[in-house]
Amino acid sequence: MLIFNFHHVEKRILHPERKHITISPQGLSRFIRTLRLMGLTIVSMRDVLASPNPTQNSTRQVLLTFDDGYRNNLLEALPVLEAEQCPATVFVLPGRFAGTNAWDQGHLPEAERDQLLTLEEMKTLAQSPYITLGSHGMLHRDMTQLGDDDIRFELHESHRILSESFGDAYLPVFAYPWGNYSQRVVELMQDSPYQYAFTVETAQWRPGCNPYLVPRYSAYYRDGNPAVLIAKLLRHKLLFA
Ligand SMILES: [Zn+2]
7 MLIFNFHHVE KRILHPERKH ITISPQGLSR FIRTLRLMGL TIVSMRDVLA SPNPTQNSTR
67 QVLLTFDDGY RNNLLEALPV LEAEQCPATV FVLPGRFAGT NAWDQGHLPE AERDQLLTLE
127 EMKTLAQSPY ITLGSHGMLH RDMTQLGDDD IRFELHESHR ILSESFGDAY LPVFAYPWGN
187 YSQRVVELMQ DSPYQYAFTV ETAQWRPGCN PYLVPRYSAY YRDGNPAVLI AKLLRHKLLF
247 A
């Protein structure tokens with residue numbers, strides 16, 4: 007199975023910092039259509055969790071994910087996903103509802119930070135039959151730098167809030183902030199409510215993979231060009247694996 011990881015969906019790249027984590031709405035639409043034209047099937051996270059062995063016979067299956075929960079996911083990504091009838095999972099930060107990406111504060115001035123979804127906006131997003139939510143932790147902290155209590159807080163508290171706030175629209179899946187994890191973090195995952203945790207390793211999700219180290223390919227504006235996306239699929243042997 008191929009898993010792609012997006013962040014921002016915006017008509018224009020508003021800041022050079024975001025160049026490698028932004029795709030345009032039109033690009034996202036072309037991305038989805040290109041995958042389907044190449045004979046790939048975009049599956050939902052619900053399908054993945056319902057399957058006893060999601061990686062078996064799944065080389066033609068694709069999963070789309072979005073990290074952080076930016077407001078543009080509601081304003082720009084959702085209309086595309088609905089028009090294309092395409093499922094996706096958004097990994098959100100319940101410790102930062104209505105906040106900004108303050109974890110990038112070393113790079114961006116205050117006024118140029120990105121708005122995260124409010125709780126109400128997230129509820130609107132999660133009402134779509136094409137959207138499921140997962141946890142990105144509470145505060146977007148680097149989990150490799152945290153002690154056990156803080157790791158547990160990021161894992162369990164975010165799960166508790168998201169379960170209570172979103173019911174069935176939330177699924178027990180986790181995406182590590184920046185894709186960072188350590189052996190200890192993966193150990194503590196064993197006692198967590200999560201069924202899968204996602205990294206940003208560039209690889210296919212194959213049988214035998216640790217469920218708490220599921221890899222994802224990063225996707226951004228260039229992949230909205232069908233020729234670039236097909237070349238990427240071929241380069242990584244994603245089409246005929
Ligand atoms: Zn993130």
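The opening position of the sequence shown corresponds to residue 7 in this note's numbering, with each subsequent residue numbered one higher. Even for Gly, the Cβ is constructed at its ideal location relative to N, Cα and C.
With respect to the beta strand (DSSP E) encompassing residue i, which residues constitute its N-terminal and C-terminal limits?
| i | result |
| --- | --- |
| residue 171 | Note, residue 171: premise wrong, no beta strand (DSSP E); alpha helix (DSSP H) at 164-172. |
| residue 74 | 67-74 |
| residue 178 | 176-181 |
| residue 4 | Lying before the first or after the last residue shown, residue 4 is absent from the chain, which here runs from 7 to 247. |
| residue 27 | First-last for residue 27: undefined, no H or E at that position. |
| residue 96 | 94-98 |
| residue 137 | 137-141 |
| residue 202 | 202-204 |
The alpha helix (DSSP H) with residue i in it runs from where to where?
| i | result |
| --- | --- |
| residue 32 | 31-43 |
| residue 124 | Looking at the DSSP string, residue 124 is not in any alpha helix (DSSP H), and its letter there is neither H nor E. |
| residue 189 | 189-195 |
| residue 85 | 84-89 |
| residue 233 | 232-241 |
| residue 56 | 51-56 |
| residue 157 | 154-158 |
Between residue i and residue j, which are expected to be in contact by the criterion C-beta below 8 angstroms, what is the C-beta distance as a whole number of angstroms?
| i | j | result |
| --- | --- | --- |
| residue 180 | residue 140 | 6 angstroms |
| residue 67 | residue 47 | 5 angstroms |
| residue 134 | residue 88 | 6 angstroms |
| residue 176 | residue 149 | Wrong, their Cβ atoms sit about 20 angstroms apart, outside the cutoff. |
| residue 206 | residue 222 | 6 angstroms |
| residue 106 | residue 51 | About 26 angstroms; that fails the 8 angstroms criterion. |
| residue 144 | residue 194 | Not quite, the Cβ-Cβ distance comes to about 14 angstroms (not below 8 angstroms), so this is no contact. |
| residue 17 | residue 118 | Not really, about 17 angstroms apart at Cβ, beyond 8 angstroms. |
Whole angstroms is fine: what's the gap from residue i's alpha carbon to residue j's?
| i | j | result |
| --- | --- | --- |
| residue 191 | residue 30 | 34 angstroms |
| residue 59 | residue 220 | 13 angstroms |
| residue 69 | residue 142 | 17 angstroms |
| residue 202 | residue 217 | 5 angstroms |
| residue 130 | residue 196 | 32 angstroms |
| residue 80 | residue 151 | 31 angstroms |
| residue 210 | residue 90 | 24 angstroms |
| residue 164 | residue 73 | 15 angstroms |
| residue 168 | residue 40 | 33 angstroms |
| residue 241 | residue 230 | 16 angstroms |
| residue 76 | residue 11 | 14 angstroms |
| residue 53 | residue 155 | 32 angstroms |
| residue 237 | residue 182 | 28 angstroms |
| residue 92 | residue 71 | 11 angstroms |
| residue 123 | residue 103 | 6 angstroms |
| residue 56 | residue 49 | 11 angstroms |
- Message: Any residue with its C-beta under 6 angstroms from a non-hydrogen atom of ligand 1 counts. Can you list them all in chain order?
- Response: This criterion selects 73, 74, 142, 146, 183.
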